[in-house]
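A short worksheet on the structure shown next.
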Amino acid sequence: MNLENLKLNIKNIVDDIFKHYPIIFKVIQELKKHNAKVYLVGGAVRDLILNKDILAIPDIDIEVHNLKLEDLSVLLNKFGEVDYVGKSFGILKLRHLNIDWSLPRSDKQGRKPEVKIDPYLDIKEALKRRDLTINAIAIDLIKLELVDPFNGVKDIKEKVLRSPDINFFQDDPLRFYRVMQFISRFQMHPNPELNNICQNMNIKDVSIERIDQEFKKLLLKSNIPSLGIRWLQDINRLKDILPELYNTTKVPQDPLWHPEGYVFEHLMQSLDASALLKYKNNEEKLTIMLAALSHDLGKVKTTIKTPDGHIRSPGHDEAGEPLAKSMLKNIITNKHLIKTVSILVKYHMRPMQFIKSNASLSAYKRLAYQLNSFANLDMLIKLLISDLQGRNGKSDFPLNQTMELATQFKEKAIQAKVLLEPEKPILTGKDLINIINPGPLMGQILKYAYKIQINKNIKDKDILKRRTFKDLNIKI
Numbered sequence: 001m002n003l004e005n006l007k008l009n010i011k012n013i014v015d016d017i018f019k020h021y022p023i024i025f026k027v028i029q030e031l032k033k034h035n036a037k038v039y040l041v042g043g044a045v046r047d048l049i050l051n052k053d054i055l056a057i058p059d060i061d062i063e064v065h066n067l068k069l070e071d072l073s074v075l076l077n078k079f080g081e082v083d084y085v086g087k088s089f090g091i092l093k094l095r096h097l098n099i100d101w102s103l104p105r106s107d108k109q110g111r112k113p114e115v116k117i118d119p120y121l122d123i124k125e126a127l128k129r130r131d132l133t134i135n136a137i138a139i140d141l142i143k144l145e146l147v148d149p150f151n152g153v154k155d156i157k158e159k160v161l162r163s164p165d166i167n168f169f170q171d172d173p174l175r176f177y178r179v180m181q182f183i184s185r186f187q188m189h190p191n192p193e194l195n196n197i198c199q200n201m202n203i204k205d206v207s208i209e210r211i212d213q214e215f216k217k218l219l220l221k222s223n224i225p226s227l228g229i230r231w232l233q234d235i236n237r238l239k240d241i242l243p244e245l246y247n248t249t250k251v252p253q254d255p256l257w258h259p260e261g262y263v264f265e266h267l268m269q270s271l272d273a274s275a276l277l278k279y280k281n282n283e284e285k286l287t288i289m290l291a292a293l294s295h296d297l298g299k300v301k302t303t304i305k306t307p308d309g310h311i312r313s314p315g316h317d318e319a320g321e322p323l324a325k326s327m328l329k330n331i332i333t334n335k336h337l338i339k340t341v342s343i344l345v346k347y348h349m350r351p352m353q354f355i356k357s358n359a360s361l362s363a364y365k366r367l368a369y370q371l372n373s374f375a376n377l378d379m380l381i382k383l384l385i386s387d388l389q390g391r392n393g394k395s396d397f398p399l400n401q402t403m404e405l406a407t408q409f410k411e412k413a414i415q416a417k418v419l420l421e422p423e424k425p426i427l428t429g430k431d432l433i434n435i436i437n438p439g440p441l442m443g444q445i446l447k448y449a450y451k452i453q454i455n456k457n458i459k460d461k462d463i464l465k466r467r468t469f470k471d472l473n474i475k476i
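Residue 467 in UniProt numbering is what sits at position 467 of the sequence shown, and the numbering runs on without skipping anything.
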């Protein structure tokens, strides 16, 4: 959207909203009868200015002025069942619609502000309480006018992050993390005043659940996620939030393999490379991106300089597993996700080792078995590509080229028939039901049989059964 002509386009924007959400138009017609003022606010306005399609915007926030909460609830009830998603915060929803209808608030400042709903608050005062000017823009849905008292549109155009009121900003430490993810998502930069506040503000009180949400937005909604992480380092806060990552900032790498320099730079480029890969879903994307961010943390503990002058980090893959867990537990709540990422970190060198040693198909089967229930070889390939592309010695951006190593590893994994899942067990409970009762012993037998099937590459069911019973000293 041409920002200079934005005011001329407001009617088109509102018409588009009403077209896709006709319920909004109907409610507004009723609100007009009660002399209410109705504004589209928040991220939806920002995203529309950034040319995002209305249907791609997940949250629609509408703020109603000059009407009490009880009256708004009664009015909305005419159009469907009303949910009080945040009654104490003045937020209502029509069931099954992802639209928030809220009243303005005039919360008192402080780290634990008292929530005060103020239906008659001036729109400028309401917008002043928002985190950033790019989010402090409103569209008057009745007058079809843009309300931009803090020049948020100008800041969007100039890619500047600025607070409409720095006192309100620093009272909410979560806003620090929002700045971090906005830097990555929109490739914007904070102004000096905001940088100074973020450099010094107390962020200890933010819950892990809220931090988790902001990091996920940074990773899943950014083309260059490293920007927000680099900003943490630039303002000297990386050591407070991700100390394990901070420790990589001065760890050197051998220029023969890593012309990009320090481990931190490699991890940033690898992270950006991972953001551009194709994934089956967001869960896989988040997993690989966190693994790309974490995969070389172990170099902090293992990096040495050899007598011939080269830099090596023997065993950094296994040394990195506990460091990845330690770092991620402070920003991610999902324990299974953390476990999956740490396993990928532990095994991330296997593809290169396998290609170099021309590993057998049985080795691929064993690796798929070791990753089972958490990850698979295809995920390991995506991490390998991120690793290899994160080695650009000429710029901060990752390399953009096909990686022969990844192609070779994938071909062998397909040949071994274990790209997406390990080899299926050939001995099952049905084969034992006539000689062993279901229970712990049967489970022990099947688990051991599957293990040696993979490790010994046994393909015959009868041979596998005899070997299992012999090894476990079970007589039938």
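Built from N, CA and C at the ideal position, the CB exists for glycine as well.
Exposure of residue i, with buried meaning 16 or more beta-carbon neighbours within 10 Å
i	result
Gly110	Legend: pLDDT at Gly110 = 49, less than 50; position of this residue unreliable, value from coordinates given subsequently. When all chains shown are included, Gly110 counts as exposed.
Val38	buried
Tyr84	exposed
Val74	exposed
Phe264	buried
Asp15	exposed
Asp471	exposed
Pro243	exposed
Ile463	exposed
Gln170	buried
His27	For the sequence presented, residue 27 should be read as Val rather than His. Val27 should be labelled buried.
Ile343	buried
Asp53	exposed
Asp272	buried
Selection from the options that minimises the alpha carbon distance to residue i
i	options	result
Leu441	Glu244, Asp272 and Ile474	Ile474
His310	Lys280, Ser362, Asp254 and Lys335	Asp254
residue 478	Pro190, Leu218, Ser207 and Lys204	In the structure as shown, the chain begins at 1 and stops at 476. Residue 478 is therefore absent and cannot be evaluated.
Asp148	Leu286, Leu69, Leu161 and Lys124	Lys124
Leu419	Ala449, Arg46 and Ala368	Ala368
Pro314	Ile17, Thr303, Ala324 and Pro307	Thr303
Gln29	Ala56, Leu50 and Phe79	Phe79
Lys217	His20, Lys11, Asn437 and Lys285	Lys285
Ile381	Ser274, Asp165 and Leu472	Ser274
Asn223	Asn196, Ile203, Leu383 and Ser270	Ser270
Gln389	Lys451, Pro259, Ser163 and Asp155	Pro259
Leu297	Asp431, His266, Asn12 and Val206	His266
Leu219	Val45, Met403, Ile331 and Arg162	Ile331
Glu321	Lys335, Val341 and Gln370	Val341
Lys93	Asp59, Ile117 and Gly443	Asp59
Arg130	Leu144, Ile99, Val179 and Lys154	Val179
Gly429	Asn437, Pro422 and Glu423	Asn437
Residue i in three-state terms, based on DSSP
i	result
Trp257	coil
Pro192	helix
Arg312	strand
Leu161	strand
Lys68	coil
Lys470	helix
Ile211	helix
Ile426	coil
Ile10	helix
Leu132	coil
Thr340	helix
Met349	coil
Leu420	coil
Met379	helix
DSSP beta-bridge partners of residue i
i	result
Val147	Ala138
Tyr39	Glu63 and Asp140
Trp101	Ile62 and Leu92
Asp83	Lys93
Lys305	Ile311
Ile117	Arg105
Distance between beta carbons of residue j and residue i, contact taken as under 8 angstroms
i	j	result
Asn457	Ser362	4 angstroms
Leu290	Leu328	6 angstroms
Asp61	Ser102	7 angstroms
Thr248	Lys299	7 angstroms
His65	Pro22	At roughly 23 angstroms, the Cβ-Cβ gap does not stay under 8 angstroms, so His65 and Pro22 are not in contact.
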